[in-house]
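Notes follow once the structure below has been shown.
There are 2 protein chains.
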Amino acid sequence: MFVAPNTDTIAALATAQGTAAIAVLRLSGPEAFSIAESMFRTRSGKPKLLHTKNSHTAHFGLLCEGEVILDEVLVAIFKGPNSYTGQDLVEISCHGSIFIQQQILQALYRHGARPAQAGEFTLRAFLNGKLDLSQAEAVADVIASTSAASHQVAMQHMRGGFSNKIAVLRENLLNFASLIELELDFSEEDVEFADRTELKKLLFTIQKIVQRLIDSFDVGNVIKNGIPVAIVGKPNAGKSTLLNALLEEERAIVSDIPGTTRDTIEEEITIDGILFRFIDTAGLRDTTDIIEAIGVSRTFDKIKEASIVIYLFDLVEMTPAELRANIATLRGLVTGAETQILLIGNKIDKEDLPQAQRDYAEFDLLFLSAKEKLFIDDLRQKLVSLFDSRTVNLTETIVTNARHVDALRHTNSAIQRTIDGIQQNIPGDLVAQDIRQALHYLGEITGQEITSDDLLANIFGKFCIGK
Amino acid sequence: MFVAPNTDTIAALATAQGTAAIAVLRLSGPEAFSIAESMFRTRSGKPKLLHTKNSHTAHFGLLCEGEVILDEVLVAIFKGPNSYTGQDLVEISCHGSIFIQQQILQALYRHGARPAQAGEFTLRAFLNGKLDLSQAEAVADVIASTSAASHQVAMQHMRGGFSNKIAVLRENLLNFASLIELELDFSEEDVEFADRTELKKLLFTIQKIVQRLIDSFDVGNVIKNGIPVAIVGKPNAGKSTLLNALLEEERAIVSDIPGTTRDTIEEEITIDGILFRFIDTAGLRDTTDIIEAIGVSRTFDKIKEASIVIYLFDLVEMTPAELRANIATLRGLVTGAETQILLIGNKIDKEDLPQAQRDYAEFDLLFLSAKEKLFIDDLRQKLVSLFDSRTVNLTETIVTNARHVDALRHTNSAIQRTIDGIQQNIPGDLVAQDIRQALHYLGEITGQEITSDDLLANIFGKFCIGK
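Chain order of the listed sequences is A and B. Residue 333 in the working numbering is what sits at position 333 of the first sequence, and the numbering runs on without skipping anything. Plus 1000 on top of the position in the second sequence (first one is 1) and you've got the working numbering.
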């Protein structure tokens, strides 16, 4: 079973793998202090107590195993419940050699700690009531965030913004549920403690809020996973050159930040803190995926997935009449109501800009040269403005988690059933049952109604070790 | 100029680059607390003072820039001089997202911190008298250590074992230097405050100790950089197969330690905490560097560099008579007095072991099969025993640093001059001058006599950022 008992002591490296100035190891559980104490000594080698010290204090000394000094370390102690996990927690800062990290970790295991599983520290924080489930999930999102927008939303969730919203809805519903259930005890007297008009008003309000949260997932998903952008166009329109130009520009921007490598996420670009994800760019790169006519199924799939479709054409090759025809075809393919089309005339370096502007005056388009990197910045600004045009307010609560949106949809159905039931004057116990269902689904989000180990394993298994 | 003033405030990421549970950023200098305070708030967003708190305490809160919450963090404060650098020092533990680390670092720079140079935290520790120079150098060695032996020696240096030894020598010499210089003030009276017999006795003692330290560098260098091992033998003797077998065995041993990757140091193998470095193994791998007859210059170079020369031969192909001749040639090439030759008969899987033992009874050799991985462990044990046979005592002071051994050699020369001078009854002021030279070189090791920025830049420039 994944969900380990909260009663043993776990240890893990909490900082990134690799050689560095320092590394931090974490130890959490009832034996955290005694394990650390059994290895910790003063600078001159005398045993040193830790559990008698104040919480949130740091102590310099030696970490030893028998007569062997493993390292000079700084040990910080956090007494439960005032710690991240809610348990006694020890953080050991050691020299950042992989060898030392592993030596200490192995020694901690020998002294009674158990290797922590992925996310197990945060799981304990959840089990000990330090975080609710949606906050715990947001911790992983915060760590994984690669753009300002995704970071901001994840931070808000972690800090409980979303949880609070759910908690208020739940409390209001819970009050009504109690009143209706009270009626059941007096069913023979046919009293109504719960004002049906008030209840319906509340249910409509909740439904509106829940629907808005569900709707926010479109944006939330995009913030978290990037806005899907497809670049389509005829062969030799310059699609891969354009993508490279965008990537290079970003690379130049981030290159002064040490350690920021773009190698693994080549097809993602962050502009003004917003993540854009280019769909199926592998095809663009090997240039074999070149679509003679719009309508090829692969292009069709790309367009269906995209929030923004960039239609790139060669100003030298395509006449306004051809462009008009192609746009008509493209519009036919774009089925998503939200999908935006961005027309780009490429190879402006080979044309006269004022002349081109006159020739293509009927279209709303951007001119640029991917090859000569002319007006690439205009494209960047345009992409950001297309996102902004959705009037996203990042301080509003935005759902980013598929599990949450699923629970919200179930909540919505249960509330709809409640409303229908009240309007059809169905018996109170059936109404109460529907409300309980809505409460259950809301509680799933924050973990108040979670008992499944599988679900917890699924959520926390995606964390990194040491968190 | 590299050596930056000790008066501004520096910031850097102290943990390894990458995504992890947490990351630690360091801030050291007179503004460390005020910069942290200008960004730190309580959980509910109120400003929170740090400089009024006790040293060595940790505080949970928000790190903000204006209205933007950068992260929830744990801030630990260390008040100078009781900190690593001897200055006010702040350690910020944030969520281990590269994005957040960089956001915070950039914000710290905007608030007045300067990016720390490599080794600058330790440089400040040295400049502020928290560590002497040889201890500071040992910090880098501790971080770079990849074997138990190198780690143990580096730890001993960092903890001042070596520094203390030098300090005692220096103090004794200094006493005599003072007495001799006192004589100079009374030169007309022809007194001798410094007993020449005692002085000579001391000088001989020092010389003996210094020489032993110099000699220890042979071992020290080997511990730090690995024992150089050459594998030589005829084509198809199985040299690259043997190397692979050793590497694979180690890989299997370390594979249960997460994050330990051997990809970058393929030609180094740690056995029982001792590092063995295989010389010019690239040649073995591409199998083009195959030596028909021992005596090819490249093989000759390998043998000269090696502490251990493994001569590998094919039991099926080579008769005892041929082996005898080849060993004679090999012994002629091994010029180093310390170099040890290890004879290995390969492909024992194709022979009958008792028969082979009889056939080759005159030789001290190991039988194994590199291909079938038979008796590889015997080879591992043999390699370790060859190192142990040097009767290395790791608790003795061992010099591992080329700069130190250089200073010790200069010390030795100056002491020899002093002894010669005394024996030749040269004037006291000339004796004093030689002693001063010896003192100078000893002081160079611990940094008491260091004033050159270039030297400091050279030493600390090899550190990692954040240390």
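Glycine included, C-beta positions come from ideal geometry on N, C-alpha and C.
- DSSP, read as helix, strand or coil, puts GLY1443(B) in helix.
- Judged by beta-carbon spacing, ARG124(A) lies within the 8 angstroms limit of SER28(A), meaning their Cβ atoms are closer than that value.
- By a beta-carbon distance limit of 8 angstroms, LEU1368(B) does not contact ASP1359(B). Their separation comes to about 16 angstroms.
- With a threshold of 8 angstroms between beta carbons, VAL1024(B) makes contact with chain A.
- With the criterion set as a beta carbon lying under 8 angstroms from some beta carbon of chain A, the segment 1223 to 1243 of chain B has no members that meet it.
- Bridge partners of CYS64(A) according to DSSP: ILE69(A).
- In the three-state reduction of the DSSP assignment, GLY96(A) falls in the strand class.
- Sequence-distant partners of ILE1214(B) (beyond 5 residues in either direction) whose C-beta falls short of 8 angstroms from its own C-beta, in its chain, are VAL1399, VAL1405, LEU1408, ARG1409, ASN1412.
- Taking CB atoms only, VAL384(A) has no neighbour in chain B less than 8 angstroms away.
- The criterion of a C-beta distance shorter than 8 angstroms is satisfied by ILE1077(B) and THR1057(B).
- Interface annotation, VAL142(A): in contact with chain B, CB-CB separation under 8 angstroms.
- Selection THR19(A), SER134(A), SER93(A) evaluated against HIS59(A) yields SER93(A) as nearest (Cα-Cα).
- Runs of the alpha helix (DSSP H) spanning 4 or more residues and lying entirely within the segment 298 to 386 of chain A occur at 320 to 333, 353 to 359, in chain order.
- Contact between LEU1315(B) and ALA1356(B) holds: CB atoms are separated by about 6 angstroms, below the 8 angstroms threshold.
- Distance from the CA atom of LEU184(A) to the CA atom of GLU444(A), rounded to whole angstroms, is 26 angstroms.
- Only PHE1463, CYS1464, ILE1465, GLY1466 from the segment 1442 to 1466 of chain B bring a Cβ to less than 9 angstroms from some Cβ of chain A.
- Scanning chain A for C-beta atoms nearer than 7 angstroms to the C-beta of THR1205(B) yields nothing, as the closest lies near 28 angstroms away.
- DSSP, read as helix, strand or coil, puts GLU1192(B) in coil.
- DSSP, reduced to helix, strand and coil, places VAL1024(B) within a strand of the structure shown.
- Of GLY1466(B), ASN1236(B), LEU1199(B), the smallest CA-CA separation from ASP1420(B) is found for LEU1199(B).
- GLN211(A) and ARG196(A) have their C-alpha atoms spaced approximately 22 angstroms apart.
- Put simply, the segment 1148 to 1156 of chain B touches the segment 1220 to 1229 of chain B. At least three CB pairs are less than 8 angstroms apart.
- Linking ILE1341(B) to ASP1272(B) through their CA atoms gives a straight-line distance of about 20 angstroms.
- Contact annotation, GLY1061(B) with ARG1041(B): C-beta distance approximately 6 angstroms; criterion of less than 8 angstroms satisfied.
- The CB of GLU72(A) comes closer than 9 angstroms to the CB of VAL1142, MET1155, MET1158, ARG1159 in chain B, given here in chain order.
- Fewer than three pairs of CB atoms, one per stretch, sit closer than 8 angstroms, so the segment 450 to 459 of chain A makes no contact with the segment 1099 to 1114 of chain B.
- At a Cβ-Cβ threshold of 8 angstroms, GLU1338(B) and SER1385(B) do not count as neighbours.
- Counting along the chain, GLU181(A) sits inside the alpha helix (DSSP H) bounded by residues 161 to 185.
- The segment 1168 to 1188 of chain B and the segment 84 to 104 of chain A do not touch, with fewer than 3 CB-CB distances between them shorter than 8 angstroms.
- From the beta-carbon of GLY18(A), the residues of chain B found nearer than 9 angstroms are THR1015, ALA1016, GLN1017, GLY1018, GLY1259.
- Residues of chain A whose Cβ lies closer than 9 angstroms to the Cβ of HIS1056(B) are, in chain order, THR57, ALA58, HIS59, PHE60, LEU74, ALA76.
- Of all residues in the segment 1090 to 1102 of chain B, those with a C-beta nearer than 9 angstroms to a C-beta of chain A are GLU1091, SER1093, HIS1095, GLY1096, SER1097, ILE1098, PHE1099, ILE1100, GLN1101, GLN1102, reading in chain order.
- Residue state for HIS1056(B) is assigned as coil, using DSSP reduced to three classes.
- Under the Cβ criterion of 8 angstroms, ALA325(A) is not counted among the residues facing chain B.
- Judged by beta-carbon spacing, ALA140(A) lies within the 8 angstroms limit of LYS462(A), meaning their Cβ atoms are closer than that value.
- By DSSP's assignment, ALA1036(B) forms no beta bridge with any residue.
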